[in-house]
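Engineer: Heads up, the sequence shown is in the working numbering, so the first residue is 281 and it goes up one at a time.
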Amino acid sequence: MTFVVPFDGSELAAVALVRAVEYGSALDEDVTAVSVVPERKRYAREKGWIDDEEPFDPERVVADLRERVLELAPAASFEAERIREFPPEDRLANDIERLVLEQEPSVVFLGSDNVGRVVTPLTSVGVHIAAEDAYDVFVVRHPSPPMVAGIESHESFYEES
281 MTFVVPFDGS
291 ELAAVALVRA
301 VEYGSALDED
311 VTAVSVVPER
321 KRYAREKGWI
331 DDEEPFDPER
341 VVADLRERVL
351 ELAPAASFEA
361 ERIREFPPED
371 RLANDIERLV
381 LEQEPSVVFL
391 GSDNVGRVVT
401 PLTSVGVHIA
411 AEDAYDVFVV
421 RHPSPPMVAG
431 IESHESFYEE
441 S
């Protein structure tokens, strides 16, 4: 089993990855980050993967995500998949969930500021990932060090934030 983190390069995804590493170190669990990259400029711009005038190169986006994972979690593995379409959020969530399940996770660390609220946007990918009952979900909402005794903070991440 492993800790899995859906990773899109956002601040909360980075915090979730760091938190998975912190817990993984304490519990001797491997960590895998997974990314799904739709091959569409609009989505890439919305995610901040490219600037407005920048050409979209999906391979470069995957390489950039891989590099960021390596910076934050050198021992973590990284799996990415490019998809040709720009699906609605629920179908994108299905692609991410399939990639997550391929890793046989014990826990999915999910960076989200809206999963679990009474009112949750229907377009939230996190809502769909968190709904799966094949694994436990650890929701990370804030970029702050862990507050659980026995879990050591990432050596440099919180200084960057």
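We put the CB at the ideal spot given by N, CA and C, even for glycine. Predicted model, so just to flag it, every value in this text is computed and none were measured.
Could you tell me the boundaries of the beta strand (DSSP E) in which residue 359 lies?
Structural biologist: In the sequence shown, counting from the first residue as 1, residue 359 sits at position 79. For residue 359, the uninterrupted beta strand (DSSP E) run begins and ends at 357-363, by DSSP.
Engineer: How about residue 392 and residue 428: are their beta carbons less than 8 angstroms apart?
Structural biologist: Translated into the one-based positions of the sequence shown, residue 392 becomes position 112. Translated into the one-based positions of the sequence shown, residue 428 becomes position 148. Taking 8 angstroms as the Cβ cut-off, residue 392 and residue 428 do not qualify as a contacting pair.
Engineer: Between 375, 356 and 414, which lies nearest to residue 304 when the distance is taken from Cα to Cα?
Structural biologist: In the sequence shown, counting from the first residue as 1, residue 304 sits at position 24. It is 356 whose Cα lies nearest to the Cα of residue 304.
Engineer: Would you kindly work out how many angstroms separate the C-alpha atoms of residue 322 and residue 307, rounded to a whole number?
Structural biologist: Counted from its first residue, the sequence shown places residue 322 at position 42. Counted from its first residue, the sequence shown places residue 307 at position 27. So the two alpha carbons sit approximately 40 angstroms from each other.
Engineer: Keeping to the same chain, check which residues put their C-beta closer than 6 angstroms to that of residue 315; ignore five residues upstream and five downstream.
Structural biologist: Here residue 315 refers to the residue found at position 35 when the sequence shown is read from its first residue. 287, 345 and 360.
Engineer: Report the option in 332, 296, 311 and 436 whose CA atom is closest to the CA atom of residue 477.
Structural biologist: What is shown of the chain runs 281 to 441, which leaves residue 477 out entirely.
Engineer: Could you tell me if residue 414 is buried or exposed, where buried requires 16 or more neighbouring beta carbons within 10 angstroms of its beta carbon?
Structural biologist: To locate residue 414, count along the sequence shown from 1; it is residue 134. Flag for residue 414 reads exposed.
Engineer: Compute the Euclidean distance between the alpha carbons of residue 384 and residue 424, then round it to the nearest angstrom.
Structural biologist: Looking up residue 384 in the sequence shown gives position 104. Looking up residue 424 in the sequence shown gives position 144. Cα to Cα, the separation comes out at about 28 angstroms.
Engineer: Determine the direct distance from the alpha carbon of residue 376 to that of residue 283, and round the result to whole angstroms.
Structural biologist: In the sequence shown, residue 283 corresponds to position 3, counting from 1. In the sequence shown, residue 376 corresponds to position 96, counting from 1. Cα to Cα, residue 283 sits roughly 15 angstroms from residue 376.
Engineer: Exposed or buried, which one is residue 335 when buried takes at least 16 other CB atoms within 10 Å?
Structural biologist: Locating residue 335 in the sequence shown gives position 55, where the first residue counts as 1. Residue 335 comes out exposed.
Engineer: Strictly by DSSP, which residues pair up with residue 442?
Structural biologist: What is shown of the chain runs 281 to 441, which leaves residue 442 out entirely.
Engineer: Chain B beta carbons: is any one of them nearer than 8 angstroms to that of residue 290?
Structural biologist: Among the protein chains of the structure shown there is no chain B, as only one such chain exists.
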